[in-house]
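> With this note's numbering as the guide, the letters of the sequence shown map in order to residues 119 to 765. Can you read through this structure? Questions will come right after.
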Amino acid sequence: MAAAGPEDLAAVAASARPVSGTTPSAGPKFSKAGTVWRVITPQVVLRNTVTDADGDTANLTFQVYTTNADGTPKTQVDLDGSGQYGVLVSPYVASGGTAKVTVPYGILKPGVLYKFRTSAFDGSLYETSWSPWADFRIEPYVKFPAPQTSSTIDKTAQEIDEFTRTDPGPALPTFDTNGAVKREATQERTCGKQDAQGRKLCIELSPPSAASEARAKKRVEALRKAEAAKARKAGKSPAEAAVAPAVELVDWCWDKPVGKNYMTRTEACLKNIGAGTLVFIDADDKQIGLAEFDFEQRIKAYPNKGASGSNFAEFDQQIAIMPVSIDQALKGVTMKWNVGSTCQSCVTSNVKWTDGQNNNAGSTAYWDVDGSSPPYADRWGRVTTQWNGTGKETIGLGWSVTATVDASSTAIATANFGTSGIDEVKELAPRCDDWLASSAPGCVLPYFKPTWTLDTNLYPAAGGYYWYMQQVMPDHAGSKRWDSLMHYLGPDTLVKTSSGGTWTSDNSRNVVCGTNSSWSVHPSDASVGSVDCDEYAMASTHESGGYPKSVNLVTSGTKCAQLFTDKMGDGSANFGLHADTRTATNGPSGTERCGRAAIPSEQNQKAFSGFPAPTWRMLDGDGFFVTLPGFEHCTSTATTCTWRKIG
């Protein structure tokens, strides 16, 4: 057999050389957006497979370049600093395995498009070519500028909520949250006892109709004209007319559409009570006369005694009764508003009646039928309830209207207007307390869930971080998108520490970000400045990972998603929120029940400054939402959410 020649030996050597894989990748999380690997941390992991024909172990040399505008390689990046070649070399791996290197923090910049490739070595033979190029970019979860110098965002601004009553009384149906009938009316008509002549008075309640809605619109226009006339008489322009009629207890309620109920944390506007028809019948059940009225109600709670003008916690109630028609056979109609309460520490005044212009209308709601044409004057009844208790009390309310007619001295009919809600909901039950050390005693409607609007103009890093956590946490704590409430850890909590003290936000914070939580500052660009450990959900909530009864309870903050703020390196003045992969090498999994992030100290300390607003009177377990207006346009963490200025 002839000896192998030089060409044959070269061919054998070539076939024995190790070979890089054809699909190099960058991460974490090793996911692509088109042809570019999206990396969530500046500590980039580069990897590729390597194969050796002889089955030997082999390593890979990794080379990184910046790119030109057209995506072609531009300048090699020095990966090893003091090294001769500016590359990183992986440990040896078995043939067919994946070799990888981690680029130290500070070498690669967020927002910059890079290319990398690999070349193999098995200890004796080098791969004679490079692998294909792979593109990657460090992309944060969210991107934002430095804080703005000013902002018009109102952190405590609230929207008026529509709501459905759970107990409107037996004469009206109940509805579910989607507006479908949940329970039909169980009582079509209620009648009183017969008088000496066998006559009796009955009353029927009916939900708002197209006719009652049309009447309400006419009343609104009439009130507008009346207020404009007052302004003219006082020498004012129409624009200076009162926004709401003087008689109105809840300023924003008077021109709301009939057929719905509305509320805020301190006020309720009931415009879904409907109409009531009085029916006067003789002993043979023949109709003698009719009268029809429209009804509305209001509730106003005062969050501190100074707001009410009295020395007590207080809430007021109002009924508006608008006659539509009254037959002369009735001669006259009197309405009595009956206000019930479960309060143990309350004093409720007598009803004070006025007309639609807030003029005194006497001790009763009375309409005399004197042959004049309708419409008859509206009657507005108002009662004041003062609470002088201690601690806190949720007060159940109930209402009815009792009617009599001048045509009979004893015929009476009563309509049940329902209560403040079933026990499980109590949507219209005021709660009064003296718990808040920073505020005098007061009352609110705790069914209303307030919204804290974080000022993402002034605190964009905190806002972006909270937005990310709302998206990925299993319970989406605080997110309106998922209708997921947070619940306040109030001063009245019954949860105790191991030593018997009251559990506070400091106790919760210690679990996630405290001295024993194993948190340390991740390196970042000097422009980021001083940072704090910021936890989400906040330590002042039941959703905090440190709260003992939390659905998100963890044994340590190390179980939370780990994140940090850093400067973008793309030439912009922006910053980004990145994964801290020092412990969780692949970054957050998206299943963590809490988060902790290195956020600029001032933003961490001020983003929730002033929460909760004193007018909310938040106590333990009260629900609230957190909205993040500069980031709410984003719906997925699969791509970078970029901040938008508001206002």
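By construction, the Cβ of each residue, glycine as well, lies at the ideal position given by its N, Cα and C atoms.
Find the nearest neighbour of V338 within the set K354, D313 and K374, judged by alpha-carbon distance.
K374
> Check this for me: beta carbons of K685 and S719, under 8 angstroms apart or not?
no
> Between which residues of its own chain and A664 is the CB-CB distance below 6 angstroms, once the five residues before and five after are set aside?
The amino acid at residue 664 is misidentified as Ala; the sequence shows Gly. If we look at G664 and ignore the five residues flanking it on each side, its Cβ neighbours are S626, V629 and V630.
> Determine contact between the region 547-557 and the region 423-436, defined as no fewer than three beta-carbon pairs at a distance below 8 angstroms.
yes
> Helix, strand or coil for D126 per DSSP?
Interpretation of D126 is limited by its pLDDT of 44, a score under 50 that renders its predicted location unreliable; no figure is taken from the coordinates.
> Closer than 6 angstroms by C-beta to W600: which residues in its own chain qualify, once you throw out the five before and the five after it? Chain order, please.
The beta carbon of W600 is closer than 6 angstroms to those of H594 in its chain, skipping five residues each way along the sequence.
> So, for V543: in the same chain, excluding its five sequence neighbours on each side, which residues have a beta-carbon less than 8 angstroms away from its beta-carbon?
T284 and Y565
> What's the C-alpha gap between F254 and M587?
25 angstroms
> Going by DSSP, which residues form a beta bridge with I439?
F413 and R497
> Any idea if N722 is buried or exposed, counting beta-carbon neighbours within 10 angstroms, 16 or more meaning buried?
buried
> Is V182 closer than 8 angstroms to V195 when the C-beta atoms are compared?
yes
> What residue range is occupied by the uninterrupted alpha helix (DSSP H) comprising Q194?
Careful: Q194 lies outside any alpha helix (DSSP H), inside the beta strand (DSSP E) at P191 to Q194.
> Classify Q435 as buried or exposed, calling it buried when 16 or more other Cβ atoms lie within 10 Å of its own Cβ.
buried
> Compute the Euclidean distance between the alpha carbons of H696 and H640, then round it to the nearest angstrom.
Take the alpha-carbon of H696 and the one of H640: they are about 10 angstroms apart.
> Buried or exposed for C759, please, with buried defined as at least 16 other CB atoms from any protein chain shown within 10 angstroms of its CB.
buried
> Return the CA-CA distance between T382 and F535, expressed in angstroms with no decimal places.
In this structure, the alpha-carbon of T382 lies about 21 angstroms from that of F535.
> Using DSSP's beta-bridge definition, name the partner residues of D402.
Per DSSP, none; premise fails for D402.
> Give the DSSP bridge partners of K77, in chain order.
Since the first residue shown for the chain is 119 and the last is 765, residue 77 is missing from the structure and cannot be characterised.
> Could you give the distance in angstroms between the alpha-carbon of F234 and the alpha-carbon of S149?
16 angstroms
> Going by beta carbon distance, what residues of the same chain come within less than 8 angstroms of W372, once the five residues before and after it are set aside?
V338, L341, A362, P363 and E366
> Taking the beta carbon of E245 as the centre, do at least 16 other beta carbons fall within 10 Å, making it buried, or is it exposed?
The residue in question, E245, is buried, as its Cβ has 16 or more Cβ neighbours within 10 Å.
> For P325 versus P291, is the C-beta distance shorter than 8 angstroms?
yes
> Can you look up A447 in the DSSP assignment and give me helix, strand or coil?
helix
> So, using beta-carbon positions, are V221 and L164 closer together than 8 angstroms?
yes
> Count the other C-beta atoms from every protein chain shown that fall within 10 angstroms of the C-beta of L746, then say buried if there are 16 or more, exposed otherwise.
By the 10 Å Cβ count, L746 comes out buried.
> Classify L612: buried if its beta carbon has 16 or more other beta carbons within 10 angstroms, exposed otherwise.
exposed
> How many Å lie between D174 and D240 at the Cα?
It is roughly 6 angstroms from the alpha-carbon of D174 to the alpha-carbon of D240.
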